[in-house]
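Colleague:
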Amino acid sequence: MTASVSQVWQWLDQVPDPEIPVISVVDLGIIRDVSWDEDTLDVAVTPTYSGCPATTVISMDIETALRDRGLEKIRIRTQISPPWTTDWLTESGRAKLEKYGIAPPSPGGGPEKCPQCGSKRVSKISQFGSTPCKAHWRCDDCLEPFDYFKCI
Amino acid sequence: MSHALFETLLRLGDNTLILGHRVGEWCGIAPVLEEDIALANMALDLIGQTQMWLALAAEIEGKGRSADDLAMLRDAWDFRNVLLVEQPNGDFGQTLMRQFLFDQFHLLQLQALTDSSDQRIAAIAAKAVKEVTYHLERSSDTVIALGDGTSESNSRMQTALNKLWPYAGEMFVTDPIDLESVEAGIIPDPSTLRDAYMDAAEKVFKLAHLAPPEGNFAHSGGKTGFRHSEHLGHLLTQMQWMQRAYPGAQW
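Line by line, the protein sequences are chains A and B.
First residue of the first sequence: 15, per this note's numbering; consecutive thereafter.
First residue of the second sequence: 17, per this note's numbering; consecutive thereafter.
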């Protein structure tokens with residue numbers, strides 16, 4: 015079985031990130047290329063952080079999702095160059111993150127506002143958080159701690 | 017050339033592997049939860065970088081070994097990490113001092129490696145440099161916070177610096193293996209990174225009210241594998257025990 019490249023992109027957009035299931039692997043910007051190499055579908059995936067344990071799970075999830083759609087010959091390729099950047103998060107991905115309670119990356123080096131109450135009075139608790147891609151912040155108004163998606 | 021390239025890649029991968037393991041030893045026992053998570057995250061980045069360096073090393077060597085084989089089945093004398101990264105964690109301050117001393121070098125090294133004539137090395141460096149920029153930001157902030165903290169934290173940081181500073185010099189020694197890779201445009205000459213390192217380190221020490229001990233004595237023997245400190249063997253007994261006890265065991 016074969017499918018159009020744009021169809022495959024749509025399918026991939028339904029594969030959730032295992033750590034942040036509210037966004038898809040396409041939203042995350044880690045799918046770098048989808049192409050057919052004769053009868054084999056080639057999917058290039060880039061890791062977010064070099065040691066991110068989710069990377070292996072993501073490759074497995076992608077393969078499972080494509081097999082479920084009837085594709086048989088699939089090659090998942092790791093591509094590290096150019097390195098992943100949070101600039102590749104899609105607009106819809108950023109909006110979904112914020113709605114989920116994770117402040118999206120901001121070039122200022124910290125979250126623009128609290129994802130819960132919208133206050134701009136926020137302070138950093140720790141440069142690292144629950145996954146390699148996040149830092150830990152707190153709102154000084156509503157006092158809720160929240161995750162901030164680090165900007166790299 | 018391929019021998020020098022293999023050794024060069026081992027030096028890169030063994031530094032991140034051994035430091036990653038050391039930092040990982042804090043997992044679950046760090047002074048506060050946030051620090052525990054931060055240390056585990058950094059260890060994870062370092063192990064991830066190790067996978068890329070050692071996979072490339074194994075491929076260059078061409079003897080059918082994998083990155084895992086290189087990490088888990090070599091003995092102490094075959095490791096090529098600098099002595100600094102195998103030094104024990106000590107207290108939290110000593111761990112962060114070791115981290116700062118390495119991060120500052122690591123960042124300068126990776127920045128230069130992004131221009132390597134070897135495209136694959138440049139690509140790994142471009143990936144790692146982003147993570148290490150973040151590591152250095154944190155380790156320098158923490159060294160400053162602890163050095164400029166209480167008299168107790170200042171004195172512990174000074175003790176850590178006195179202990180670890182003699183291990184910093186090895187990072188800037190250029191040997192014949194390095195020279196071969198330098199001439200091929202693969203790596204920067206380590207000795208050329210020293211000035212920028214000293215400038216950056218001095219700024220941090222000044223803000224932290226710390227001073228490195230006088231003298232230029234530097235321990236050596238790690239990156240050449242000539243003489244590791246006794247700590248590396250003990251570290252390997254922990255890191256490698258599973259593959260030693262159950263050869264070929266799979267996850």
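Glycine residues also receive a C-beta, built at the ideal position from the N, C-alpha and C atoms.
At a CB-CB cut-off below 8 Å, which residues of chain B make contact with Tyr63 (chain A)?
Modeller: The contacting residues are Leu60, Asp61, Gly64, Glu147.
Colleague: If you follow the alpha helix (DSSP H) that His244 (chain B) is part of, which residue opens it and which one closes it?
Modeller: Where His244 (chain B) is concerned, there is no enclosing alpha helix (DSSP H), given that its DSSP letter is neither H nor E.
Colleague: Between which two residues does the alpha helix (DSSP H) harbouring Ala79 (chain A) extend?
Modeller: Where Ala79 (chain A) is concerned, the enclosing alpha helix (DSSP H) stretches over 68–82.
Colleague: Could you pull the start and end residues of the beta strand (DSSP E) that His150 (chain A) belongs to?
Modeller: Start and end: 148–153.
Colleague: Measure the alpha-carbon distance for Leu55 (chain A) versus Ser49 (chain A) and round it to whole angstroms.
Modeller: Rounded to whole angstroms, Leu55 (chain A) to Ser49 (chain A) spans 6 Å at the Cα level.
Colleague: When we look at the beta-carbon of Thr92 (chain A) and count the other beta-carbons within 10 Å, is it buried (16 or more) or exposed?
Modeller: Thr92 (chain A) comes out exposed.
Colleague: So, Gln28 (chain A) versus Ser20 (chain A), is the Cβ gap smaller than 9 Å?
Modeller: It is not a contact, given that the beta carbons lie outside the stated cut-off.
Colleague: If you drop the 5 nearest sequence neighbours on each side, which residues of the same chain put their C-beta closer than 7 Å to that of Gly106 (chain B)?
Modeller: The residues are Ala176.
Colleague: Suppose the cutoff is 8 Å on Cβ atoms and the five residues either side in sequence are ignored; what does the same chain contact list for Lys127 (chain A) look like?
Modeller: For Lys127 (chain A), where only same-chain residues beyond five positions count, the Cβ hits under 8 Å are Ala117, Ser133, Lys134, Val136.
Colleague: Excluding sequence positions up to five away, which residues of its chain have a Cβ less than 8 Å from the Cβ of Gly264 (chain B)?
Modeller: Excluding residues within five positions, none has a Cβ falling inside 8 Å.
Colleague: Taking only three categories from DSSP, how would you classify Phe160 (chain A)?
Modeller: Strand, per DSSP.
Colleague: Tell me where the alpha helix (DSSP H) around Leu103 (chain A) begins and ends.
Modeller: Unbroken run through Leu103 (chain A): none, as it is neither H nor E.
Colleague: Quick check: what's the CA-CA separation for Thr111 (chain B) versus Asp41 (chain A)?
Modeller: Whole-angstrom Cα-Cα distance: 37 Å.
Colleague: What did DSSP end up calling Thr253 (chain B) once you bin it into helix, strand or coil?
Modeller: Helix.
Colleague: Compare the C-beta of Gln304 (chain B) against all C-beta atoms of chain A and say whether one is closer than 9 Å.
Modeller: The structure shown has nothing for residue 304 (chain B), since chain B only spans 17 to 267.
Colleague: Name the chain A residues whose beta carbon is nearer than 9 Å to that of Ile140 (chain B)?
Modeller: What Ile140 (chain B) touches in chain A: Ser64, Ile94, Ser95.
Colleague: Considering only residues of the stretch 148–182 of chain B, which uninterrupted alpha helix (DSSP H) runs meet the minimum length of 4 residues and lie entirely inside it, listed in chain order?
Modeller: As far as the stretch 148–182 of chain B is concerned, its whole alpha helix (DSSP H) runs of at least 4 residues are 167–180.
Colleague: Is it the case that the stretch 72–91 of chain B contacts the stretch 19–27 of chain B, given that we only count it when at least three CB pairs across the two stretches are under 8 Å?
Modeller: Yes: the two stretches touch, three or more of their Cβ pairs being nearer than 8 Å.
Colleague: Quick one, which of A:Thr145, A:Asp154, A:Lys164, A:Tyr162 has its alpha-carbon nearest Asp31 (chain A)'s?
Modeller: For Asp31 (chain A), the nearest C-alpha among the options comes from A:Thr145.
Colleague: Leu55 (chain A) lies in the beta strand (DSSP E); which residues open and close that run?
Modeller: Taken as a continuous stretch (DSSP letters only), the beta strand (DSSP E) holding Leu55 (chain A) covers 54–59.
Colleague: Among B:Ile140, B:Glu230, B:Val148, B:Arg172, which one has its Cα closest to the Cα of Pro182 (chain B)?
Modeller: Of the listed residues, the one whose Cα sits closest to Pro182 (chain B) is B:Glu230.
Colleague: Interface residues of chain A around Ile53 (chain B) at Cβ under 9 Å?
Modeller: Residues of chain A passing the Cβ test: Ser140, Phe142, Gly143, Ser144, His150.
Colleague: For Arg46 (chain A) and Ser236 (chain B), what's the separation of their Cα atoms in angstroms?
Modeller: Using only the alpha carbons, I get a separation of about 43 Å.
Colleague: Relative to the alpha-carbon of Gly84 (chain A), which residue among A:Asp155, A:Val22, A:Ala68 has its alpha-carbon at the smallest distance?
Modeller: Nearest option by C-alpha distance: A:Val22.
Colleague: Look up Trp50 (chain A) in the DSSP assignment and give the residues it is bridged to.
Modeller: Paired residues: A:Leu55.
Colleague: Taking 9 Å as the threshold (beta carbon to beta carbon), is Trp98 (chain A) in contact with chain B?
Modeller: Closer than 9 Å to some Cβ of chain B, the Cβ of Trp98 (chain A) qualifies, so yes.
Colleague: Counting only beta-carbon separations shorter than 9 Å, does Pro67 (chain A) have a partner in chain B?
Modeller: Yes, Pro67 (chain A) lies at the interface with chain B (some Cβ there is under 9 Å from its Cβ).
Colleague: Would you tell me roughly how many angstroms separate the C-alpha atoms of Leu100 (chain B) and Glu105 (chain A), rounded to the nearest one?
Modeller: Answer to the nearest angstrom: the Cα atoms are 44 Å apart.
Colleague: Under 6 Å Cβ to Cβ from Val39 (chain B), same chain only, skipping five residues before and after it: list those, please.
Modeller: Excluding residues within five positions, the ones whose Cβ falls inside 6 Å are Leu55, Met58, Ala59.
Colleague: Short check: CB of Ser6 (chain B) to CB of Leu21 (chain B), under 9 Å?
Modeller: Given a span of 17 to 267 for chain B in the structure shown, any question on residue 6 (chain B) remains unanswerable.
Colleague: Thr149 (chain B) and Leu123 (chain B) look like a contact to me (Cβ under 8 Å); what is the Cβ gap, rounded to whole Å?
Modeller: Indeed they touch by this definition, with Cβ atoms about 6 Å apart.
Colleague: Under a CB-based cut-off of 9 Å, is Ala265 (chain B) close to chain A?
Modeller: No, because no Cβ of chain A sits closer than 9 Å to the Cβ of Ala265 (chain B).
Colleague: Figure out for me which residue from B:Leu209, B:Met187, B:Lys222, B:Gln174 has the closest Cα to the Cα of Ala234 (chain B).
Modeller: Of the listed residues, the one whose Cα sits closest to Ala234 (chain B) is B:Met187.
Colleague: Kindly list, in the order they appear in chain A, the residues whose Cβ is closer than 8 Å to that of Ala144 (chain B).
Modeller: Ordered by position in chain A, the residues that pass the 8 Å Cβ test against Ala144 (chain B) are Ser64.
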